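Visitor:
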Amino acid sequence: MNAMQNSVERARITGPGPCPTITTARLTLRPHRMSDADAIAQSLADFQVSRMLARVPAPYDRQDASEWLAVATTDLNDGWAFAITAGDDVHIGCVSFERRSSGWEIGYWLNRFYWRRGYMSEAVHAAISRFLMRMPGTEIHSGIFADNLASLRVQEKAGFRITGCSEVFSVARAAMVPHLETVLAPGDFRPASPRH
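Okay, so the sequence shown: first residue is 1 according to full-length UniProt numbering, each after it adds one.
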């Protein structure tokens, strides 16, 4: 009975396990907390951020953040959702891995006041590195709206390549938007260069 029970339990463990805490040169990526709601709402209320995300409404408020955190802070999903912080433990962005119909998918966003500092690349590289330690050989999917070239650069630095183009509905824009599908194939991950 024990051998059967162990094999059933192994069959159910299909994700990377509990969301860890990761420290990089300038950032800490940690599991989300309900207390992050105000900071998330402030970041995603900025249309310059929300317009680049497919499923985020505009306007975005604290209730939206609380509802998302109610799931993200539980074991209701088998992925990871990292809060990005920059030394003071204040939430400035998110990197998440979610199982979708195409397989594992990474998504991310950053408060606009932290753009152009290399934080997103640093966070994405660290998150992918840890994810692949837990899930070796996994193909990771993503995508970007065609007018989000900064996000495409983040992905290209990590080793993603464009696999197609389509249109995806943007809730914030309330419109179909040209979208580039991307994939990080097993073995294509490019670890971050050390910061000097």
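By construction, the Cβ of each residue, glycine as well, lies at the ideal position given by its N, Cα and C atoms. Predicted, not measured: the structure shown is a model, and the values here were computed from it.
(1) Is there contact between the segment 142-151 and the segment 91-103, where contact requires at least three CB pairs shorter than 8 Å?
(2) Which residues in the same chain have their Cβ closer than 8 Å to the Cβ of residue 128, if we skip the five residues on either side of it in sequence?
(3) What is the DSSP secondary structure of residue 124, counted as helix, strand or coil?
(4) Would you say the segment 47-61 touches the segment 75-89, given that touching needs at least three Cβ pairs under 8 Å?
(5) For residue 48, name the three-state secondary structure that DSSP assigns.
(6) Is it a yes or a no for the segment 63-74 touching the segment 32-48, going by three-plus beta-carbon pairs under 8 Å?
(7) What is the DSSP secondary structure of residue 97, reduced to helix, strand or coil?
(8) Can you tell me which residues form a DSSP beta bridge with residue 109?
(9) At what residues does the beta strand (DSSP E) containing residue 80 begin and finish?
(10) Extract the residue ranges of the beta strand (DSSP E) inside the segment 163-194, only unbroken runs of 3 or more that lie entirely within it.
(11) Assign residue 4 to buried or exposed, taking buried as 16 or more other Cβ atoms, counted over all protein chains shown, within 10 Å of its Cβ.
(12) How about residue 21 and residue 30: do their beta carbons lie closer than 8 Å?
(13) Mind checking whether residue 35 and residue 172 have CB atoms under 8 Å apart?
(14) With distances taken from CA atoms, which of 133, 160 and 117 is nearest residue 15?
(15) Answer with buried or exposed for residue 160, where buried requires no fewer than 16 other C-beta atoms within 10 angstroms of its C-beta.
(16) Skipping 5 residues on each side, what residues in its chain have a beta carbon closer than 6 Å to that of residue 181?
(17) Residue 161 bridges to which residues according to DSSP?
(18) Identify the residues that DSSP records as bridge partners of residue 104: which are they?
(19) Take residue 153 as the anchor and find which of 126, 178, 120 and 179 has the nearest alpha-carbon.
(20) Kindly list the residues whose CB is nearer than 7 Å to the CB of residue 71, restricted to its own chain and excluding five residues on each side of it in sequence; keep chain order.
Guide: To lay it out plainly:
(1) no
(2) What you label residue 128 is simply residue 128 of the sequence shown in a count that begins at 1. Result list for residue 128: 106, 140, 158, 184 and 189, in chain order.
(3) On the sequence shown, position 124 is the one that residue 124 refers to. Three-state result, residue 124: helix.
(4) no
(5) For the purposes of this step, residue 48 is taken as residue 48 along the sequence shown, with counting starting at 1. Note: residue 48 maps to helix in three-state DSSP.
(6) yes
(7) Against the sequence shown, residue 97 aligns to sequence position 97. Correct three-state label for residue 97: strand.
(8) Here residue 109 is taken as the residue at index 109 of the sequence shown, counted from 1. Residue 109 is bridged to 94.
(9) The sequence position of residue 80 within the sequence shown is 80, counting from 1. Start and end: 80-85.
(10) 175-184
(11) Along the sequence shown, one-based indexing puts residue 4 at 4. Confidence at residue 4 is low in this model, with a pLDDT of 49, below 50, so its placement is unreliable and no value can be given for it.
(12) As a position in the sequence shown, residue 21 is number 21, starting the count at 1. As a position in the sequence shown, residue 30 is number 30, starting the count at 1. Contact flag set, yes.
(13) Taking the first residue of the sequence shown as position 1, residue 35 is located at position 35. Taking the first residue of the sequence shown as position 1, residue 172 is located at position 172. Cβ distance not < 8 Å, so residue 35 and residue 172 don't count as in contact.
(14) As a working mapping, residue 15 is identified with position 15 in the sequence shown. Measuring from the Cα of residue 15, the nearest candidate turns out to be 133.
(15) Numbered from 1 along the sequence shown, position 160 holds the residue referred to as residue 160. So residue 160 counts as buried.
(16) Within the sequence shown, residue 181 is the residue found at index 181, counting from 1. Counting only Cβ-Cβ distances below 6 Å, and skipping sequence neighbours, we find 143, 163 and 164.
(17) As a first step, residue 161 must be located in the sequence shown, where it is residue number 161. 183, per the DSSP bridge assignment.
(18) Within the sequence shown, numbered from 1, the residue matching residue 104 stands at position 104. In the DSSP output, where bridge partners are listed per residue, residue 104 has 99 and 140.
(19) Reading the sequence shown from its first residue, position 153 is the one you call residue 153. For the residues 126, 178, 120 and 179, the minimum Cα distance to residue 153 belongs to 120.
(20) The residue given as residue 71 occupies position 71 in the sequence shown. Answer for residue 71: 77, listed in chain order.
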